[in-house]
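> Protein chains in written order, with our numbering: chain E, 1 to 214; chain C, 1001 to 1214.
Let me give you the structure first, and then I'll get to my questions.
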DNA sequence: CACATCGGATAGTGCCGCTAACCAACGCGT
DNA sequence: ACGCGTTGGTTAGCGGCACTATCCGATGTG
């Protein structure tokens, strides 16, 4: 298909598609001649994924490019691709001011990880961007005056562990041979909005039950 | 305290504080005379909350204003304040293209809510922004080619229900009289990054256990 | 062979979250 | 009483980001 058809079938304007091509989010089509390029179904699928990452996952274009770079990195095995792609996903900005709150937060997070015995991530520690962002967020909560401690997070951690186990089960079940890595990224990025929405819906439901009003 | 001190103790530049005052995110200080205004501890706390909403929660300034407006709305009771504030929290943009994917998504979400018996939110249906955003996100997943169905979401929904119950327990325990509504909003907004981080950490941990590599 | 269409390149737009610069009023030390 | 540094408010501008409008020469098409 040509660019115009790609645009029509995806609902993305040709100008935007050109922008994505320019930014390297979308691999170039097969150049037929100087004025015509041919795109495949694969391009359409990739374009939908890009839109999902950017619109639903709210991932910056530059980051999306990086993530997709890992997805396309054939030098990595399946697991590594997934890991590298997830690693590249954006985290809350780290003010990195090493004050008392951050110290306290780090201590509590460490205690939490010890308590639930997540030894793999404990070994990685600050190397993992996710770990750092968790510390930062907890530090913010502490600064706001929450008397935060690891014990209160333990049940949440256990629940999220269950969720993560289901995530991986899901991936294993649904992976087709064709686009394994893309699926993994899509699942990682698009599951979060689903979880977030379910979380808020659950809050509405629970609140309505307890207090009668929403 | 004066603006300069408010700036120093919060780590936010005076220019930015002035900006927040202008935008109505921060109530004006007590005007002593034409060139001096006096701010209280309350302003410091509110300022920290604003920063948390914007930086950690990534909430747009205009939305944060709206949310805080509900928090300050004394015509509402506690529960209503919380509800209104949560209601105003931003959702993924809704393309609102009522195509086959959206229809299918709506059907699956309805089935899900029936299955887990969240009758309160079911009654509200499309009225709730959260409900709409869930439908939109699921529609995106469907468009990407996931053969999505309600059954697969059920365990997630149950888990998030447990999480939500804990959220509300937490609120009930920790609420001090002084800043109930602010705490509720902070919890709602700042809990999500914590959950997200725990989720990803759990994925790393689980993946490391299953496949040995992260 | 006229003409619409194609894809690529470039420069511009609109929004958003600040931020630098300015200003008159004030308060404090001498 | 007076000079001068500081205060809080106002205005205009900046930088980044995600597009987007426009132009262009090459090309396929009736």
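Ideal placement from N, C-alpha and C gives every residue a C-beta, glycine not left out.
1. Within a Cβ cutoff of 8 Å, which residues of the same chain sit near residue 1182 of chain C, ignoring the five residues on either side of it in sequence?
2. Can you give me the C-alpha to C-alpha distance between residue 1033 of chain C and residue 151 of chain E, rounded to a whole angstrom?
3. When you compare the CB positions of residue 1153 of chain C and residue 1112 of chain C, do they come within less than 7 Å of one another, or not?
4. Just verifying my parser: in three-state terms, what is the DSSP assignment at residue 161 of chain E?
5. Assign residue 1002 of chain C to one of three DSSP states: helix, strand, or coil.
6. Under 8 Å Cβ-Cβ, which residues of chain E neighbour residue 1137 of chain C?
7. Among all the DSSP beta bridges, which residues are the ones paired with residue 1149 of chain C?
8. Let me know the secondary structure DSSP gives residue 1205 of chain C once reduced to three states.
9. What do you get for residue 11 of chain E, buried or exposed, if any count of 16 or more other CB atoms within 10 angstroms of its CB means buried?
10. Looking only at C-alpha atoms, which of E/165, E/136, E/131 sits nearest to residue 1198 of chain C?
11. Given a threshold of 16 other Cβ atoms within 10 Å of its Cβ, counted over all protein chains shown, does residue 1042 of chain C qualify as buried or as exposed?
12. Three or more C-beta pairs under 8 Å: does that hold for the stretch 1191-1207 of chain C against the stretch 116-131 of chain E?
13. Is the shortest distance between the beta-carbon of residue 1120 of chain C and the beta-carbons of chain E less than 7 Å?
14. I'd like the list of long-range same chain contacts for residue 1030 of chain C, defined as Cβ closer than 7 Å, with 5 residues on each side in sequence excluded.
15. Using CA coordinates, which residue listed in C/1052, C/1106, C/1063, C/1192 is at the minimum distance from residue 1023 of chain C?
16. Buried or exposed for residue 1074 of chain C, going by 16 or more other Cβ atoms inside 10 Å?
17. Between the stretch 1152-1168 of chain C and chain E, which residues of the former have a C-beta closer than 8 Å to a C-beta of the latter?
18. How about residue 1052 of chain C and residue 140 of chain E: are their beta carbons less than 7 Å apart?
19. Tell me the rounded alpha-carbon separation between residue 1088 of chain C and residue 1 of chain E.
20. Given a cut-off of 7 Å on the beta-carbon distance, is the pair residue 56 of chain E and residue 190 of chain E in contact?
21. To which residues of the same chain is residue 1138 of chain C closer than 7 Å at the C-beta, ignoring the five residues directly before and after it?
22. Taking the alpha carbon of residue 1157 of chain C as the point to measure from, which residue in C/1144, C/1134, C/1145, C/1212 has its own alpha carbon closest?
23. Per DSSP, which residues does residue 1031 of chain C bridge with? Please list them.
24. Go ahead and label residue 161 of chain E buried or exposed: buried means 16 or more other beta carbons lie within 10 angstroms of its beta carbon, across all protein chains shown.
Let me spell this out:
1. On the second chain, residue 1182 of chain C is found 182 positions in, with the first residue counted as 1. The answer, listed in chain order, is 1045, 1046, 1049, 1071.
2. Taking the second chain and counting its residues from 1, the one referred to as residue 1033 of chain C is at position 33. Taking the first chain and counting its residues from 1, the one referred to as residue 151 of chain E is at position 151. C-alpha separation (whole angstroms): 49 Å.
3. Counting from 1 along the second chain, the entry for residue 1153 of chain C is found at position 153. Counting from 1 along the second chain, the entry for residue 1112 of chain C is found at position 112. Against a cut-off of 7 Å, the Cβ pair of residue 1112 of chain C and residue 1153 of chain C comes out as a contact.
4. Against the first chain, residue 161 of chain E aligns to sequence position 161. It is helical.
5. Along the second chain, one-based indexing puts residue 1002 of chain C at 2. If DSSP states are grouped into helix, strand and coil, residue 1002 of chain C belongs with coil.
6. Within the second chain, residue 1137 of chain C is the residue found at index 137, counting from 1. The answer, in chain order, is 56, 190, 193, 194, 197.
7. Translated into positions along the second chain, residue 1149 of chain C becomes position 149. Looking at the DSSP assignment, residue 1149 of chain C forms no beta bridge with any residue, so it has no partner.
8. Start at 1 with the first residue of the second chain, and residue 1205 of chain C comes out as number 205. Of the three classes helix, strand and coil, the one that applies to residue 1205 of chain C here is helix, per DSSP.
9. Walking along the first chain from the start, residue 11 of chain E turns up at place 11. Residue 11 of chain E should be labelled exposed.
10. What you label residue 1198 of chain C is simply residue 198 of the second chain in a count that begins at 1. When each option's Cα is compared against that of residue 1198 of chain C, the closest is E/131.
11. Residue 1042 of chain C sits at position 42 when you count from the first residue of the second chain. So residue 1042 of chain C counts as exposed.
12. yes
13. Mapped onto the second chain, residue 1120 of chain C falls at position 120. With 7 Å as the cut-off, residue 1120 of chain C counts as an interface residue toward chain E.
14. For the purposes of this step, residue 1030 of chain C is taken as the residue at position 30 of the second chain. Closer than 7 Å at Cβ, skipping near neighbours: 1037, 1038.
15. Position 23 of the second chain, counting from 1, holds the residue named residue 1023 of chain C. It is C/1063.
16. Counted from its first residue, the second chain places residue 1074 of chain C at position 74. When all chains shown are included, residue 1074 of chain C counts as exposed.
17. 1152, 1153, 1155, 1156, 1157, 1159, 1160, 1161, 1162, 1163, 1164, 1165, 1166, 1167, 1168
18. Numbered from 1 along the second chain, position 52 holds the residue referred to as residue 1052 of chain C. Numbered from 1 along the first chain, position 140 holds the residue referred to as residue 140 of chain E. Yes, they are a contact pair.
19. As a position in the second chain, residue 1088 of chain C is number 88, starting the count at 1. As a position in the first chain, residue 1 of chain E is number 1, starting the count at 1. Distance between residue 1088 of chain C and residue 1 of chain E, taken at the CA atoms: about 42 Å.
20. As a first step, residue 56 of chain E is located in the first chain; it is residue number 56 there, counting from the start. As a first step, residue 190 of chain E is located in the first chain; it is residue number 190 there, counting from the start. With respect to the 7 Å criterion, residue 56 of chain E and residue 190 of chain E are classified as neighbours on the basis of their beta carbons.
21. As a first step, residue 1138 of chain C must be located in the second chain, where it is residue number 138. Within the same chain, residue 1138 of chain C has close Cβ partners 1105, 1108, 1109, 1148.
22. Position 157 of the second chain, counted from the first residue, corresponds to residue 1157 of chain C. Of the candidates C/1144, C/1134, C/1145, C/1212, the one whose C-alpha sits nearest the C-alpha of residue 1157 of chain C is C/1134.
23. For this step, residue 1031 of chain C is matched to residue 31 along the second chain. Looking at the DSSP assignment, residue 1031 of chain C forms a beta bridge with C/1037.
24. Along the first chain, read from residue 1 onward, the residue named residue 161 of chain E stands at position 161. By the neighbour-count rule (16 or more Cβ atoms within 10 Å), residue 161 of chain E is buried.
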